[in-house]
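Protein chains in written order, with numbering that gives the first Met the number 0: chain A, 0 to 302; chain B, 0 to 328. Reviewing the structure listed below.
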Amino acid sequence: MEQFLSAVFAGTASGSIYALVALGLVLVWRGAGVINFAQMGQAMFSTYVASTLIMHEYSYWFAFFVALIVGTTLGAIVDLLVMRPLSGKRGSAMLASPAMRATVPVIASLGILGILQSAAGMIWAAEERGFPAPVSTLGLSIGGTVMPFTAFDLFVIGIVLVTLFITTVFFQKTGMGLAMRASALNPEVARLSGIRTSSVRTLSWAISGAASSLAGLLVTPSANLSPNSLDLILIIGFTATVIGGLDSLPGGVLGGFILGLLISFVNVYRSPSDIFLAILIFLLIVLLVRPQGLLGSKEVRRV
Amino acid sequence: MFKRLQTGNALKAILFFWVIFYLGKVFDAYNQGQLSVVLMYFIGILSITFLTGLSGQISLGQGALMAIGGYTCALGILNLGLNYWQSIIFAVLASLVAGWILGVTAARLSGPYLAGTTLVIALAIPSLANRFESVFGGDVGLSVDFGNPPQWLNNLIGEIGFEQWQLFATLPFASIALYIALNLFKSRTGRSWRAVRDHEIAASLAGINVQRMKIFTFVVASGFAGLAGAMYGLRGIVGPSVYPISLSLALLTGAVLGGLRSIEGAFIGAVVVVFLPDLIEKVTGNWELAPQIGNFLPAMVSSLLLILTVVLNPAGVAGALHHRKPRHK
C-alpha cells in the first residue's frame, strides 16, 4: 500500500512537470504551428543562469524569477530570429506542401536546441551541477509518521496547479487571451478583425518559454543539471502532447499526468529500463484508437 | 518498379565506385576510416531523403532502424555463422520487415504525431538491448567486425590496412545503394511519392494509393537505414551507445545541409557531417581555445549551419547548385 501511494505521489509530481512542458508545446503549436524541440534547451539555459546566480549567493527566489524572465525572453528571441523569417518563406518550393510546413520548423528547432546546448557547454563547461529545492526533498513527516511524499512534491504540484489556473483564466477572461485563441483558430480572420497576429505569435512563444523554464526549475532538483539533462523531459512532455492531442491544452495536461503516473508505476513495479517500452506501447495504443490524441480535434481535410 | 533501368544511372554508380576506390588508395588510414563512415552516413541519409525529402514524412528515429540492421547483422554473424556479406543482406531483409511493420503503424500518422512516435521508438528500441541482455549483450553490446580482407584482394592491390578494408567492404554496398536510389528517384514510384508529399488528396484522385505508398516509403527507407546500420556496427561494436538519438539527429542534419531532395545532397551532407569536426579542428588548432570551447565548437557550427540552411536556403547545398538550371520540381 505504501509502495502504491508513493508511486501515485511521485507520479503526480513528475506528471505535473510533464504537464507544464506539454502546456508550453501546445501553446506554440496552436499559436505558430511549430513543434518546438528547443523548448527544454531554453529551459536548460535559463536554469543554468539561475544556478549561477545561486552560486554567487543570490537568493533562490531572485534566481527563480530571473530564470523565468530569461526563459520568456529566449522564447521571444527564437520566434523573432528564426521562426518569423521562416514563416515568411511559405511561398518557396520547399515549404509548399503542408507536410513540409510541419517538418521544416521542427528541423529549425532542433538546430536551435543544438546551439543552446553547445553554448551552455561553452559557457558552463558542461559540468554537472546540483540545483537546490526551496523546500525539503525528504519524506514529509506528520505527527511522527513519514508520509510517502515530500514537501517538494507538494510544492511542485501546487505551483503547477496555480500556473494552469492562471493560464486558463488568461485565455478565457482576458482580451489578450481571446486574441490568441482567435489567431490560433483562424489567423486570416483574426488579422482582418484587427489583431496583430505576428505579435500574438511572439507572445505565445514567450509564454511557452516561461512555462518551460518553470518546468526546468522544478525538475532540476531531482536530477543534475547538464546541457543534455532536460532532453528526456522534453521527449516525455512531447509524447504527452501527442497522447493528449496536440491542439488541446487540457489534452496536453492530461497526457502529462497520465505519463507521469505510468512512468512512476513502471519504475516502482517493474524496472526503470522498461520505461520507454511502456511509453511506446501506450502511445501506439492511444494513436491506433485515436490518431489525433485523446482530446485532440480531428483534422479537417480540404481540397 | 524499374520499367526502364537507365544505363546512365549504372554509369554514375560505377564512376562513384572508382572515385571512392581511388580516394581510398591515396588517403591516409584515418581518412580512409572517415571516408567509410561517409559512405555509411550517405546510405543512412538516403533513407531520410526518401522518407522526408521525397515523401514528406518526418522520422526522428532513423537511428533505431539502423540499430535493427546492426543487431540483426551481428546476430547473423555470431549466432547463425553467416559471413559478413550474407549477414548484411540478412540485416537488410530484417529491416525491410521492420520498416513494413513501422509503416503500417505510422502511415495513419503525420507531421508531429509521426515525429513523436519515431522519437519514442528511437528510445525504446535500444532499451530492448538491456531487456533481453543474454541475446543483445546489454549496454556493452556485441562485438563484430568486417573480418580480414580476402587474399586475392591483397594480391591484387597490395597489403590492405584495417581502415582501408572497412572502406572497401562498404563501398560495393554504397554503390549498389546509390544505383537503386538513382533509379527509384526517377521511377514511377518516386513520382508517386512526390505527389503524395505535395498534395495527398490530389494524389489519391490521380489513382495513387496514398496509404500503400506511405508504407512502401517506410519499407524502402528502412532497408537503406538497416544497411547503413549493419555496416556502422561492423566497425567494431553493436550496442545501444552506437545508435544514440544523436545519430538520428546527425543524419537529419546532414540530409538538410546537403539538400533534402536530391541524392547528391545526401552525399554532400554525409561529407559535411563527417568531415566538419576535422575541418574545424584544423582551422582552430593554432588558436589555443579553451578545451570547453573546442569541444562544443563542431556542434555549435553544425547547428548554426542547420538553421541558416533552413531559413535562407531550404533546398540545401545541392539545391543551390541546381538553382541555375530551371527545372520543374
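Here a beta-carbon is modelled for each residue, glycine too, at the ideal position from N, C-alpha and C. This one's a predicted model, so the numbers in the text were calculated from it and none came from an experiment.
Secondary structure of S86(B) (DSSP, three-state): helix.
In this structure, the CA atom of E126(A) is about 41 Å from the CA atom of L170(B). The beta carbons of A265(B) and L53(B) sit no closer together than 8 Å. Cβ-Cβ separation between A254(B) and I47(B): approximately 4 Å, consistent with a contact (criterion under 8 Å).
Pairing P84(A) with I306(B), the inter-Cα distance amounts to about 11 Å. The C-alpha of G318(B) is placed about 21 Å away from the C-alpha of S58(B).
Contact fails between the stretch 286 to 294 of chain A and the stretch 184 to 204 of chain A, because fewer than three Cβ pairs, one in each stretch, are under 8 Å apart. Every alpha helix (DSSP H) stretch that sits fully inside the stretch 247 to 286 of chain A and reaches 4 residues is listed by chain position as 248 to 268. In this structure, the beta-carbon distance from L141(B) to L77(B) falls below 8 Å. Shown here for L296(B): same chain residues with a beta carbon closer than 6 Å to its own, the five before and five after excluded, namely I279 in chain order. Under the Cβ distance rule, T104(B) counts among the residues neighbouring chain A, one pair being separated by less than 8 Å. A residue is called buried when at least 16 other Cβ atoms come within 10 angstroms of its Cβ; N182(B) meets this threshold and is buried. Annotation: the continuous alpha helix (DSSP H) that includes I68(A) extends over 59 to 77. Residues of chain B whose Cβ lies closer than 8 Å to the Cβ of T51(A) do not exist; the shortest such Cβ separation is about 15 Å. Within the stretch 106 to 177 of chain B, the complete alpha helix (DSSP H) segments at least 4 residues long are 110 to 130, 132 to 135, 150 to 156, listed from N- to C-terminus. F130(A) carries a coil assignment under DSSP once its states are collapsed to helix, strand and coil. Proximity to G251(A) across L163(A), Q2(A), R190(A) peaks at L163(A), based on C-alpha coordinates. Judged by their CB atoms, G259(A) and G74(A) are not nearer to each other than the 8 Å cut-off. Bounds of the alpha helix (DSSP H) holding L303(B) are 290 to 311. Think of a sphere of 7 Å around the beta carbon of I34(A): the chain B residues whose beta carbon falls inside it are P111, A114, in chain order. Annotation note: the stretch 260 to 284 of chain B contains the following uninterrupted alpha helix (DSSP H) runs of length 4 or greater, listed N- to C-terminal: 262 to 283. What G55(B) touches in chain A, judged by beta-carbon distance under 8 Å, is S96, A98, M99, T102, going in chain order. DSSP, reduced to helix, strand and coil, places V33(A) outside both helices and strands of the structure shown, so it counts as coil. Taking every protein chain shown into account, the CB of A201(B) has fewer than 16 other CB atoms within 10 angstroms, so this residue is exposed. The C-alpha of F215(B) is placed about 15 Å away from the C-alpha of S203(B).
Beta-bridge analysis with DSSP links T149(A) to G138(A). According to the DSSP secondary-structure assignment, I236(B) is paired through a beta bridge with S142(B).
Partner residues in the beta bridge of L224(A), as assigned by DSSP, are R128(A).
Taking the Cα of V134(A) as reference, the smallest distance to any Cα among V265(A), G32(A), F170(A), W60(A) is reached at W60(A).
With a cutoff of 8 Å on beta-carbon distance, G75(B) and Q85(B) are scored as near each other. Around the beta carbon of P131(A), fewer than 16 other beta carbons lie within 10 angstroms, which makes this residue exposed.
Residue range 38 to 54 is occupied by the alpha helix (DSSP H) that includes Y47(A). G98(B) is a Cβ neighbour of A220(B), given a cutoff of 8 Å. For the pair I278(A) and L294(A), the CB atoms are not nearer than the 8 Å cut-off.
No Cβ-Cβ contact shorter than 8 Å links A150(A) with F44(A). Bounds of the alpha helix (DSSP H) holding E187(A) are 186 to 191.
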